[in-house]
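Single-structure report; data block below.
Numbering (my numbering), first residue to last: 8 to 143.
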């Protein structure tokens, strides 16, 4: 399987999980919505790393590697966004397990923020992938 094909597989999973994420939010399943938000972020970030030929870390927080790769390769991306993405990814990775098993309780505001953030990452990922494939 090529990097391009694996990237397409990773990106193909993200919209379905995002749909599950939004449905969980609509049903007041705050913990599940946050967990699904983390999954969307992880898939998008790992998809981008894969497209760039970077072996992504086998962790749930790959965003710092993406941010560093983008900076090292002098690719166009807002530095503030990359910092935000790294912080988001770290926070969501930290709560994914405890939220899923209800060891912690996620409130509505935090769940909504996670969903909005995951949607933002998905939009960024689609745009950045297009730019990568166009050779920018």
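Ideal placement from N, C-alpha and C gives every residue a C-beta, glycine not left out. This one's a predicted model, so the numbers in the text were calculated from it and none came from an experiment.
Asked	Found
Kindly indicate the opening and closing residues of the alpha helix (DSSP H) around residue 5.	This structure does not reach residue 5, given that the chain is present from 8 up to 143, and the question cannot be answered.
What first and last residue would you give for the alpha helix (DSSP H) that runs through residue 102?	86 to 107
For the pair the region 123 to 139 and the region 51 to 58, tell me if three or more CB-CB distances fall below 8 Å.	yes
For the alpha helix (DSSP H) that contains residue 194, what are its first and last residues?	The shown model of the chain, from 8 to 143, leaves out residue 194, and the question about it has no answer.
Contact between the region 28 to 35 and the region 95 to 111: three or more CB pairs below 8 Å?	no
Compute the Euclidean distance between the alpha carbons of residue 79 and residue 66, then round it to the nearest angstrom.	21 Å
Alpha carbon to alpha carbon, how far is residue 23 from residue 71? Give it in angstroms, no decimals.	25 Å
Is it a yes or a no for the region 39 to 56 touching the region 13 to 22, going by three-plus beta-carbon pairs under 8 Å?	yes
What did DSSP end up calling residue 140 once you bin it into helix, strand or coil?	helix
In its own chain, which residues sit with a C-beta less than 7 Å from the C-beta of residue 40, not counting the 5 before and 5 after it?	28, 31, 32, 118, 121 and 122
When you compare each of 76, 115 and 140 to residue 90 by their alpha carbons, which one comes out closest?	76
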